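S.K.: Here it is, the structure in full.
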């Protein structure tokens with residue numbers, strides 16, 4: 001089947017850290033040539049959609065606009081709006097995270113409250129401190145709803161696999177004896193948000209990514225077909241072990257017939 | 001039986017935060033009157049033994065000397081010395097924690113190494129940052145042995161139940177996909193350390209505390225008799241549910257015949 005909408009992961013799929021994946025650019029060129037809609041579905045919450053698009057465009061020569069970028073920050077903001085039936089102005093949040101997350105959440109109009117918020121949202125925060133963990137812990141113990149942006153335990157940087165959002169969130173899960181409600185991949189929440197926000201039919205969409213545990217599981221959870229590309233995390237050996245296989249597999253994205 | 005050595009918990013047993021427990025002072029006076037040895041066995045790693053003793057003496061009128069205080073910081077330092085057969089000078093550690101922990105660990109003579117240590121020790125750190133978590137994570141992933149001082153998920157302060165060492169450690173356990181080796185109560189390591197350092201016979205010792213999950217379990221794990229006092233965390237209802245009961249139970253410590 002020919003897919004009408006592509007949801008595409010970034011790191012390991014469109015590039016590897018600072019390194020280009022030339023086959024990924026060919027794939028995007030092919031989508032553009034046929035006028036097929038595509039969106040980048042990333043678990044990055046630290047950057048704004050504009051920053052993510054600029055990185056693709058300027059550093060990887062992959063054309064991207066801010067409104068083609070879907071992040072757990074945006075999906076979390078929508079989740080919170082929905083929680084309060086759009087009456088966000090009369091509710092409050094405390095957020096542990098970078099500007100990408102804070103700008104999305106507080107962009108809804110929800111108030112900032114450090115001591116008695118209705119919801120606590122925890123994501124990756126390179127400036128996290130004990131004080132922030134204490135505020136989050138006390139607020140959740142007081143009854144605030146607990147959202148974790150995404151469960152990724154690690155992310156790669158030039159020094160190695162450093163702590164990801166899931167690790168930061170796990171501290172608060174331990175200190176509150178509560179599990180967070182997660183929004184990012186592999187949860188279907190981010191896909192459902194994308195389908196609604198970008199107005200596409202999940203039945204004719206394809207989730208493309210290199211990581212079985214986030215990208216492919218997200219597609220599976222949201223009933224969206226999946227394409228695993230072997231340019232990143234998951235290996236043939238990993239996939240052989242999985243009971244539910246990706247809908248499609250390809251060595252590199254230039255080989256995929258859009 | 002009359003016990004020859006008492007191991008005594010602090011918060012909930014000797015005092016409640018800043019509040020005195022007058023019956024606890026009576027108990028200590030009784031021990032002193034009979035010349036019975038006693039040590040304070042606390043999971044506090046942030047303070048030095050001298051600071052702990054000064055707090056008891058000055059704020060609670062309970063006479064205590066620094067060498068009567070046993071902490072996971074001291075037990076961890078001894079554990080590390082033993083790991084390297086006393087050849088600590090040729091080994092290195094990275095420590096996430098307060099001065100109480102750092103002074104004990106580096107007091108052994110072990111070198112500080114942030115990037116390639118032999119051992120990473122994580123405890124409660126009120127100034128913890130992402131950078132410290134990153135250093136700990138990378139070092140453990142590189143092969144450093146991972147020690148957690150104590151597993152307490154929370155500790156009480158005037159604002160509520162804030163994150164404890166166990167919460168801080170859980171972040172690193174998640175980011176490294178490894179469990180820490182724990183030293184503090186309820187592990188027997190701290191009791192074995194105390195018996196060796198203070199030269200007492202565990203068979204004639206009694207562990208006294210208010211918390212079944214730390215104090216009493218520590219005694220059980222180390223084959224030391226236990227006395228639960230109902231002035232703190234554990235309730236009669238909690239104890240009724242436990243399969244292994246404390247050896248003794250008492251409403252307040254003045255009622256205990258030393």
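Chains as they are written, first to last, in full-length UniProt numbering: chain A, 1 to 258; chain B, 1 to 258. Don't be surprised by glycine CBs; every beta carbon is placed ideally from N, CA and C. As the structure is a prediction and not an experimental result, all values here were calculated from the model.
Under 8 Å between C-beta atoms, does residue 174 (chain B) make it to chain A?
M.R.: Translated into positions along the second chain, residue 174 (chain B) becomes position 174. Yes, residue 174 (chain B) counts as interfacial toward chain A.
S.K.: On the CB-based measure, 16 or more other CB atoms within 10 Å of its CB, does residue 79 (chain A) come out buried or exposed?
M.R.: Here residue 79 (chain A) corresponds to residue number 79 of the first chain, with the count starting at 1. Residue 79 (chain A) comes out buried.
S.K.: Should residue 148 (chain B) go down as buried or exposed, given a rule of 16 or more other Cβ atoms within 10 Å for buried?
M.R.: Residue numbering aside, residue 148 (chain B) sits at position 148 when the second chain is read from its first letter. So residue 148 (chain B) ends up on the buried side.
S.K.: To the nearest angstrom, how far is the alpha carbon of residue 105 (chain A) from that of residue 150 (chain B)?
M.R.: As a position in the first chain, residue 105 (chain A) is number 105, starting the count at 1. As a position in the second chain, residue 150 (chain B) is number 150, starting the count at 1. For residue 105 (chain A) and residue 150 (chain B), the distance between alpha carbons rounds to 36 Å.
S.K.: Would a C-beta distance cut-off of 8 Å place residue 169 (chain B) and residue 122 (chain B) closer than the cut-off?
M.R.: The residue labelled residue 169 (chain B) in the question sits at position 169 within the second chain. The residue labelled residue 122 (chain B) in the question sits at position 122 within the second chain. Contact flag set, yes.
S.K.: For residue 16 (chain B), list the residues DSSP reports as bridge partners.
M.R.: In the second chain, the residue the question calls residue 16 (chain B) occupies position 16. Looking at the DSSP assignment, residue 16 (chain B) forms a beta bridge with B:19.
S.K.: Going by C-alpha to C-alpha distance, which of A:59, A:107, A:198 sits closest to residue 4 (chain A)?
M.R.: As a first step, residue 4 (chain A) is located in the first chain; it is residue number 4 there, counting from the start. It is A:198.
S.K.: From the DSSP output, which residues share a beta bridge with residue 94 (chain A)?
M.R.: What you label residue 94 (chain A) is simply residue 94 of the first chain in a count that begins at 1. Answer by DSSP bridge pairing, in chain order: A:120.
S.K.: By alpha-carbon positions, which one of B:110, B:99, B:12 ends up nearest to residue 45 (chain B)?
M.R.: Here residue 45 (chain B) refers to the residue found at position 45 of the second chain. If we check each option's Cα against that of residue 45 (chain B), B:99 comes out closest.
S.K.: Since residue 13 (chain B) contacts residue 208 (chain B) with CB under 8 Å, what's their CB separation in whole angstroms?
M.R.: As a first step, residue 13 (chain B) must be located in the second chain, where it is residue number 13. As a first step, residue 208 (chain B) must be located in the second chain, where it is residue number 208. Contact between residue 13 (chain B) and residue 208 (chain B) is confirmed by a C-beta separation of about 6 Å, below the 8 Å threshold.
S.K.: Which of the three DSSP states, helix, strand or coil, is assigned to residue 215 (chain B)?
M.R.: Sequence index remark: in the second chain, residue 215 (chain B) carries index 215 (1-based). Residue 215 (chain B): helix per DSSP, three-state reduction.
S.K.: Who are the near neighbours of residue 154 (chain A) in its chain, counting only those whose CB is closer than 6 Å to its CB and skipping five residues on each side?
M.R.: To locate residue 154 (chain A), count along the first chain from 1; it is residue 154. Answer for residue 154 (chain A): 161, 164, listed in chain order.
S.K.: Listing by chain order, which chain B residues have their CB less than 9 Å from the CB of residue 16 (chain A)?
M.R.: Translated into positions along the first chain, residue 16 (chain A) becomes position 16. Ordered by position in chain B, no residue passes the 9 Å Cβ test against residue 16 (chain A), which lies about 19 Å from the chain.
S.K.: Mark residue 132 (chain B) as exposed unless 16 or more other C-beta atoms lie within 10 angstroms of its C-beta, in which case mark it buried.
M.R.: As a position in the second chain, residue 132 (chain B) is number 132, starting the count at 1. The residue is buried, with at least 16 neighbouring Cβ atoms inside 10 Å.
S.K.: Assign residue 179 (chain A) to buried or exposed, taking buried as 16 or more other Cβ atoms, counted over all protein chains shown, within 10 Å of its Cβ.
M.R.: Sequence index remark: in the first chain, residue 179 (chain A) carries index 179 (1-based). The residue is exposed, with fewer than 16 neighbouring Cβ atoms inside 10 Å.
S.K.: List, from N- to C-terminal side, the beta strand (DSSP E) runs of 3 residues or more that fit wholly inside the stretch 63–117 of chain A.
M.R.: 92–96
S.K.: Sort out for me which residues DSSP pairs residue 223 (chain B) with in a bridge.
M.R.: The sequence position of residue 223 (chain B) within the second chain is 223, counting from 1. DSSP lists no partner for residue 223 (chain B).
S.K.: Helix, strand or coil for residue 260 (chain A), going by three-state DSSP, please let me know.
M.R.: Residue 260 (chain A) cannot be examined here, being either before or after the span of chain A that is shown, 1 to 258.
S.K.: Using DSSP's beta-bridge definition, name the partner residues of residue 205 (chain A).
M.R.: To locate residue 205 (chain A), count along the first chain from 1; it is residue 205. DSSP output for residue 205 (chain A) lists A:5 as bridge partner(s).
S.K.: Using a cut-off of 8 Å between C-beta atoms, extract the partners of residue 45 (chain B) located in chain A.
M.R.: Position 45 of the second chain, counted from the first residue, corresponds to residue 45 (chain B). Taking a Cβ-Cβ threshold of 8 Å, none of the residues of chain A is close to residue 45 (chain B); the smallest such distance is about 14 Å.
S.K.: Around the Cβ of residue 187 (chain B), are there at least 16 other Cβ atoms within 10 angstroms (buried) or fewer (exposed)?
M.R.: Residue mapping note: residue 187 (chain B) aligns to position 187 of the second chain, counting from 1. Buried, since its Cβ has 16 or more Cβ neighbours within 10 Å.
S.K.: Mind listing the chain A neighbours of residue 182 (chain B)? Cutoff is C-beta to C-beta under 8 Å, in chain order.
M.R.: Working through the second chain from its first residue, we reach residue 182 (chain B) at position 182. Under the 8 Å cutoff, chain A gives no residues; its nearest Cβ is about 14 Å from residue 182 (chain B).
S.K.: Assign residue 233 (chain A) to one of three DSSP states: helix, strand, or coil.
M.R.: If you number the first chain from 1, residue 233 (chain A) lands on position 233. Correct three-state label for residue 233 (chain A): coil.
S.K.: Nearest by alpha-carbon distance to residue 8 (chain A): which of A:241, A:174, A:206, A:249 is it?
M.R.: Translated into positions along the first chain, residue 8 (chain A) becomes position 8. With distances taken between Cα atoms, residue 8 (chain A) lies closest to A:206.
S.K.: Consider the Cβ of residue 134 (chain A): report whether some Cβ of chain B lies at a distance smaller than 8 Å.
M.R.: In the first chain, residue 134 (chain A) corresponds to position 134, counting from 1. So yes, residue 134 (chain A) belongs to the interface.
S.K.: Go to residue 166 (chain B), then tell me how far its beta strand (DSSP E) extends in each direction, as first and last residue.
M.R.: In the second chain, residue 166 (chain B) corresponds to position 166, counting from 1. For residue 166 (chain B), no beta strand (DSSP E) segment is defined; the enclosing uninterrupted segment is the alpha helix (DSSP H) at 165–176.
S.K.: So for residue 49 (chain A), helix, strand or coil by DSSP?
M.R.: Position 49 of the first chain, counted from the start, is the residue given in the question as residue 49 (chain A). Residue state, collapsed to three classes: helix.
S.K.: Tell whether a beta-carbon distance below 8 Å holds between residue 92 (chain B) and residue 117 (chain B).
M.R.: Numbered from 1 along the second chain, position 92 holds the residue referred to as residue 92 (chain B). Numbered from 1 along the second chain, position 117 holds the residue referred to as residue 117 (chain B). Cβ atoms of residue 92 (chain B) and residue 117 (chain B): closer than 8 Å.
S.K.: Show which residues of chain A have a CB atom less than 7 Å away from the CB atom of residue 167 (chain B).
M.R.: Within the second chain, the letter at position 167 stands for residue 167 (chain B). Correct list: 171, 174, 175.
S.K.: So, is the C-beta of residue 125 (chain A) closer than 8 Å to a C-beta in chain B?
M.R.: Position 125 of the first chain, counting from 1, holds the residue named residue 125 (chain A). Yes, residue 125 (chain A) counts as interfacial toward chain B.
S.K.: Going along the stretch 206–223 of chain A in order, which residues come within less than 8 Å of chain B, judged by CB to CB distance?
M.R.: none
S.K.: Going by the beta-carbon positions, is the gap between residue 214 (chain A) and residue 43 (chain A) smaller than 8 Å?
M.R.: Locating residue 214 (chain A) in the first chain gives position 214, where the first residue counts as 1. Locating residue 43 (chain A) in the first chain gives position 43, where the first residue counts as 1. Going by C-beta atoms, residue 214 (chain A) is nearer than 8 Å to residue 43 (chain A).
S.K.: State the DSSP-derived secondary structure class of residue 40 (chain B), mapped to helix, strand or coil.
M.R.: Walking along the second chain from the start, residue 40 (chain B) turns up at place 40. Reduced to three states, the DSSP call for residue 40 (chain B) is strand.
S.K.: Inspect the beta-carbon positions of residue 31 (chain B) and residue 224 (chain B) and report whether they are closer than 8 Å.
M.R.: Within the second chain, residue 31 (chain B) is the residue found at index 31, counting from 1. Within the second chain, residue 224 (chain B) is the residue found at index 224, counting from 1. No, Cβ-Cβ distance for residue 31 (chain B) and residue 224 (chain B) is not below 8 Å.
S.K.: Taking 8 Å as the threshold (beta carbon to beta carbon), is residue 141 (chain B) in contact with chain A?
M.R.: Sequence index remark: in the second chain, residue 141 (chain B) carries index 141 (1-based). So yes, residue 141 (chain B) belongs to the interface.
S.K.: Mind checking the stretch 71–96 of chain B against chain A and listing, in chain order, the residues whose C-beta falls within less than 8 Å of any C-beta there?
M.R.: none
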